[in-house]
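Engineer: The structure under discussion is supplied below as structure tokens; questions concerning it will follow.
So this is what it looks like as structure tokens:
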């Protein structure tokens with residue numbers, strides 16, 4: 189454990205350093221982490237050795253990442269059995285204090301801890317040993333093999349199902365014995381229900397007691413135990429069954445609710461989960477072999493046929509196929525893939541066949557990046573959840589007080605029989621439902637984030653997903669966001685007939701964006717006999733015996749005989765063309781605006797959202813694009829660091845969403861309330877949310893999905909608070925004078941079903 193004041197050291201494996209300046213930047217960032225005594229960064233080994241006094245690993249890693257670099261970390265997942273959400277949260281906080289632990293995420297929907305750690309300081313074996321030392325029985329889950337959420341939910345379902353089966357059988361016997369006036373037989377039959385089926389609640393209550401907190405287990409355990417032991421007294425000393433049927437029914441009814449809830453959760457997780465096959469066909473030594481997907485390496489050729497899932501990220505080496513990329517884009521329409529086209533893991537071959545050259549495998553693939561990002565986002569505790577947690581923390585003590593008050597008033601004030609007072613008191617314990625409160629937010633967020641991933645929206649930070657529904661300002665970076673990475677011809681002047689066809693033929697040998705636009709506009713008509721490229725200036729080629737130059741104004745000016753008339757198209761020309769040393773043509777390009785951009789801007793304005801554009805381009809170019817899109821607020825000639833300043837200033841007036849491509853806007857993405865990046869590099873993006881489809885309409889889907897989820901959270905919380913407000917007065921017997929009361933077992937059933945309803949409603 190990190191102890192403030194005790195000198196310690198930690199090694200970090202740094203990613204992204206290229207020169208001595210990089211090492212200086214990393215050293216400076218680490219020294220600012222607080223408590224750091226000395227830092228030594230080695231460029232050759234790419235390691236940093238940090239001497240410090242109790243500085244948490246998370247602070248060190250955060251300092252490096254904030255500086256724009258990264259640290260190699262691993263992730264292990266642990267399923268922690270039979271533990272409440274409150275305990276899980278405290279456990280996560282405790283584990284985060286351990287040396288080497290970067291972050292611990294408590295997934296309240298699957299009782300799982302995901303631990304990000306520094307492999308140079310700790311590992312999964314040490315983490316598991318630590319958890320066992322705290323009296324827990326963690327089950328380590330391999331993140332690479334499958335979907336741990338589904339595995340965990342399935343195990344929970346099996347455990348509850350078995351306890352429910354035993355409970356149902358013996359509860360039936362208990363009821364028959366109680367109604368036929370056989371109290372001892374009824375008590376014997378109820379014992380397996382109390383001590384086996386109900387043990388899941390009793391053990392949870394004991395653990396909560398050790399931690400000096402209360403939870404649902406506390407209430408159920410108390411209610412069933414009071415009923416059972418009161419019945420034991422009655423059976424032994426009075427020859428009556430007492431409340432033995434109540435004790436058995438109470439446990440069984442709660443288990444029914446828990447089993448249905450676990451089943452619903454398992455179905456929900458299975459519905460959204462998607463797994464990659466564990467076997468794939470690769471070509472090795474000229475032969476097609478079936479291999480374990482975990483043995484596939486970068487450079488391997490993977491063979492895919494119709495129906496196969498893509499297990500790597502790569503480039504089509506050979507073949508032709510229709511591929512379902514809905515896992516990436518959210519669009520179900522198949523995409524045709526040919527040689528040279530990229531393919532991503534998780535997509536499915538619909539028809540045809542492909543041979544794919546692997547460029548990314550294992551945890552580096554798109555599929556694994558998205559899966560991990562979604563899991564992390566789901567485990568995020570939102571601000572509204574923290575408020576609910578504070579309410580839940582005092583909920584159980586209030587219910588215990590209410591139950592005690594109910595018993596006291598009925599017995600001592602109203603002079604009711606002991607059994608009647610006890611019945612009302614138990615009903616209060618059994619009917620209260622802190623679970624519905626606890627599930628209201630995480631269940632809605634979990635499902636919402638999973639659904640978003642199916643729309644091509646990869647949520648990396650849950651807080652940003654929540655904030656998206658309040659977005660009042662959307663700031664777009666122009667290049668690569670509102671515009672594509674391609675250009676089109678806006679205007680041209682040709683002094684020599686056919687000059688641009690000759691220029692396009694030469695440019696067919698170049699990969700420059702201007703070259704592609706020129707070829708697209710004028711076509712390739714000749715094959716150059718010679719070609720040469722001059723970086724940052726232009727190209728030269730020989731076509732049909734003519735020497736063709738295409739390039740910047742300076743490049744052409746320095747290589748032609750007469751350049752007095754080079755301003756014939758004004759200063760707006762992008763490239764010039766010369767034929768045999770004479771000026772022949774000039775072309776002006778404009779960035780190609782995304783076809784959906786105008787509609788998206790219009791929709792955002794219709795939603796009452798202010799739209800802003802920032803760009804490093806000239807004011808003339810910026811206003812041209814903004815005018816075409818109907819954007820009135822434009823910041824031009826802005827440096828990358830100035831984009832972040834603009835975002836921070838705009839945040840003073842509203843909730844800001846920044847949309848960029850993640851290239852020169854990392855700080856702006858970080859500083860915005862909601863940072864959205866476009867592309868498939870999920871892990872590298874500094875954004876909170878990634879639009880993997882590369883379609884701006886995802887912005888609208890994001891805001892709408894966030895609004896739906898937040899609305900669902902409000903509905904769930906309204907139901908949870910409303911249920912408890914309604915059930916408790918009835919359970920306490922306030923309406924008994926009017927003939928309306930609630931037996932403890934039925935109160936328990938109502939309590940269980942309230943949690944089920946929250947789970948089901950979150951799926952709607």
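Numbering (the numbering used here), first residue to last: 189 to 952. Every residue, glycine too, gets a C-beta built ideally from N, C-alpha and C. On a predicted model such as this, the values are computed, not experimentally measured, just so you know.
Taking C-alpha atoms, which residue in 700, 914, 228, 829 lies nearest to residue 673?
Structural biologist: Counting from one through the chain shown, the residue named residue 673 turns up at place 485. The shortest C-alpha separation from residue 673 is found at 700.
Engineer: For residue 812, collect the residues of the same chain with a Cβ closer than 8 Å to its Cβ; drop the 5 residues on either side in sequence, then sort them by chain order.
Structural biologist: Here residue 812 is taken as the residue at index 624 of the chain shown, counted from 1. The residues are 778.
Engineer: Could one say the Cβ of residue 239 lies closer than 8 Å to chain B's Cβ atoms, at least one of them?
Structural biologist: Considering every chain present, this structure includes no chain B. It has just one protein chain.
Engineer: With DSSP as the reference, please indicate the residues paired to residue 326 in a beta bridge.
Structural biologist: Locating residue 326 in the chain shown gives position 138, counting from the first residue. Paired residues: 268.
Engineer: For the alpha helix (DSSP H) that contains residue 188, what are its first and last residues?
Structural biologist: Only positions 189 to 952 of the chain appear in the structure, and residue 188 is not among them; the question remains open.
Engineer: Our contact map puts residue 238 next to residue 249 with C-beta atoms below 8 Å; I'd like the distance itself, whole angstroms only.
Structural biologist: The count along the chain shown starts at 1 and reaches residue 238 at position 50. The count along the chain shown starts at 1 and reaches residue 249 at position 61. Wrong, their Cβ atoms sit about 11 Å apart, outside the cutoff.
Engineer: What residue range does the alpha helix (DSSP H) around residue 404 cover?
Structural biologist: For this step, residue 404 is matched to residue 216 along the chain shown. Residue 404 -> alpha helix (DSSP H) spans 404-421.
Engineer: Specify, as a first and last residue, the run of the alpha helix (DSSP H) that residue 735 falls within.
Structural biologist: Within the chain shown, numbered from 1, the residue matching residue 735 stands at position 547. Residue 735 -> not in any alpha helix (DSSP H); beta strand (DSSP E) instead, spanning 734-739.
Engineer: Restricting to runs no shorter than 3 residues, where is the beta strand (DSSP E) found entirely within the segment 797-848?
Structural biologist: Listed in chain order, the complete beta strand (DSSP E) runs (minimum 3 residues) inside the segment 797-848 are 798-802, 821-823, 844-848.
Engineer: Go through the segment 495-549 residue by residue and report every complete run of the alpha helix (DSSP H) that reaches 4 residues or more, in order.
Structural biologist: Within the segment 495-549, the complete alpha helix (DSSP H) runs of at least 4 residues are 514-517.
Engineer: Hey, is the segment 799-806 in contact with the segment 663-672, meaning 3+ C-beta pairs nearer than 8 Å?
Structural biologist: In short, these stretches touch, since the Cβ pair count reaches three.
Engineer: Tell me the residue span of the alpha helix (DSSP H) that contains residue 616.
Structural biologist: Sequence index remark: in the chain shown, residue 616 carries index 428 (1-based). Taken as a continuous stretch (DSSP letters only), the alpha helix (DSSP H) holding residue 616 covers 606-619.
Engineer: According to DSSP, residue 635 sits in a beta bridge with which residue or residues?
Structural biologist: For this step, residue 635 is matched to residue 447 along the chain shown. Answer is none; residue 635 lacks a bridge partner.
Engineer: Assuming residue 384 is part of the alpha helix (DSSP H), what are its boundary residues?
Structural biologist: Taking the chain shown and counting its residues from 1, the one referred to as residue 384 is at position 196. Careful: residue 384 lies outside any alpha helix (DSSP H) and carries neither H nor E.
Engineer: Tell me whether the beta-carbon of residue 907 lies closer than 8 Å to the beta-carbon of residue 705.
Structural biologist: In the chain shown, residue 907 corresponds to position 719, counting from 1. In the chain shown, residue 705 corresponds to position 517, counting from 1. Cβ distance not < 8 Å, so residue 907 and residue 705 don't count as in contact.
Engineer: For residue 924, write down the residues that DSSP places opposite it in a beta bridge.
Structural biologist: Counting from one through the chain shown, the residue named residue 924 turns up at place 736. Residue 924 is not bridged to any residue.
Engineer: Can you give me the Cβ contacts of residue 821 inside the same chain, cut-off strictly under 6 Å, excluding the 5 residues immediately before and after it?
Structural biologist: Within the chain shown, the letter at position 633 stands for residue 821. Taken in chain order, the residues that qualify are 800.
Engineer: Return helix, strand or coil for residue 480, following the three-state DSSP convention.
Structural biologist: By one-based count along the chain shown, residue 480 stands at place 292. The answer is strand: DSSP assigns residue 480 an E or B state.
Engineer: Flag this pair as touching only if the segment 374-393 and the segment 600-617 have three or more C-beta atom pairs under 8 Å; answer yes or no.
Structural biologist: The answer is no - the segment 600-617 does not touch the segment 374-393, with fewer than three Cβ pairs under 8 Å.
Engineer: Taking 8 Å as the cut-off, decide whether the C-beta atoms of residue 268 and residue 326 are in contact.
Structural biologist: In the chain shown, counting from the first residue as 1, residue 268 sits at position 80. In the chain shown, counting from the first residue as 1, residue 326 sits at position 138. Yes. Within cutoff.
Engineer: Could you tell me if residue 466 is buried or exposed, where buried requires 16 or more neighbouring beta carbons within 10 angstroms of its beta carbon?
Structural biologist: Translated into the one-based positions of the chain shown, residue 466 becomes position 278. Flag for residue 466 reads exposed.
Engineer: Quick one: what does DSSP say residue 945 is sitting in, helix, strand or coil?
Structural biologist: Indexing the chain shown from 1 puts residue 945 at position 757. The answer is helix: DSSP assigns residue 945 an H, G or I state.
Engineer: Are residue 916 and residue 619 closer than 8 Å when you measure CB to CB?
Structural biologist: Along the chain shown, read from residue 1 onward, the residue named residue 916 stands at position 728. Along the chain shown, read from residue 1 onward, the residue named residue 619 stands at position 431. Result yes, Cβ atoms of residue 916 and residue 619 sit closer than 8 Å.
Engineer: Taking 8 Å as the cut-off, decide whether the C-beta atoms of residue 500 and residue 546 are in contact.
Structural biologist: Residue numbering aside, residue 500 sits at position 312 when the chain shown is read from its first letter. Residue numbering aside, residue 546 sits at position 358 when the chain shown is read from its first letter. Taking 8 Å as the Cβ cut-off, residue 500 and residue 546 qualify as a contacting pair.
Engineer: Between which two residues does the alpha helix (DSSP H) harbouring residue 251 extend?
Structural biologist: Here residue 251 is taken as the residue at index 63 of the chain shown, counted from 1. Counting along the chain, the alpha helix (DSSP H) containing residue 251 begins and ends at 245-254.
Engineer: Between the segment 643-652 and the segment 872-889, are three or more C-beta pairs nearer than 8 Å?
Structural biologist: The segment 643-652 is in contact with the segment 872-889.
Engineer: Taking the straight line between their C-alpha atoms, what separation do you get for residue 844 and residue 937?
Structural biologist: Residue numbering aside, residue 844 sits at position 656 when the chain shown is read from its first letter. Residue numbering aside, residue 937 sits at position 749 when the chain shown is read from its first letter. Rounded to whole angstroms, residue 844 to residue 937 spans 45 Å at the Cα level.
Engineer: Under the assumption that residue 553 contacts residue 533 (Cβ atoms under 8 Å), give the Cβ distance between them as a whole number of angstroms.
Structural biologist: Position 365 of the chain shown holds residue 553. Position 345 of the chain shown holds residue 533. Correct: roughly 4 Å between the Cβ atoms.
Engineer: Given that a residue counts as buried once 16 or more other Cβ atoms are within 10 Å of its Cβ, and exposed if not, what is residue 497?
Structural biologist: Within the chain shown, the letter at position 309 stands for residue 497. Residue 497 comes out buried.
Engineer: Per DSSP, which one or two residues make a beta bridge with residue 778?
Structural biologist: If you number the chain shown from 1, residue 778 lands on position 590. DSSP output for residue 778 lists 676 as bridge partner(s).
Engineer: Mapping DSSP to helix, strand and coil, what is residue 795?
Structural biologist: By 1-based counting over the chain shown, the position of residue 795 is 607. DSSP places residue 795 in coil when its eight states are reduced to three.
Engineer: Is residue 890 close to the ligand ADP? I mean its beta-carbon at under 7 Å from any heavy atom of the ligand.
Structural biologist: Ligands in the displayed structure: none, and consequently the ligand ADP is not present.
Engineer: In the structure shown, what three-state DSSP assignment does residue 159 receive?
Structural biologist: Any question about residue 159 goes unanswered here, given that the chain covers just 189 to 952.
Engineer: Where DSSP assigns a beta bridge to residue 726, which residues make up the other side?
Structural biologist: The residue given as residue 726 occupies position 538 in the chain shown. Partner(s): 722, 739.
Engineer: Alpha carbon to alpha carbon, how far is residue 292 from residue 282? Give it in angstroms, no decimals.
Structural biologist: Locating residue 282 in the chain shown gives position 94, counting from the first residue. Locating residue 292 in the chain shown gives position 104, counting from the first residue. So the two alpha carbons sit approximately 9 Å from each other.
Engineer: Out of curiosity, what's the CA-to-CA distance linking residue 454 and residue 946?
Structural biologist: By one-based count along the chain shown, residue 454 stands at place 266. By one-based count along the chain shown, residue 946 stands at place 758. Rounded to the nearest angstrom, the two C-alpha atoms are 15 Å apart.
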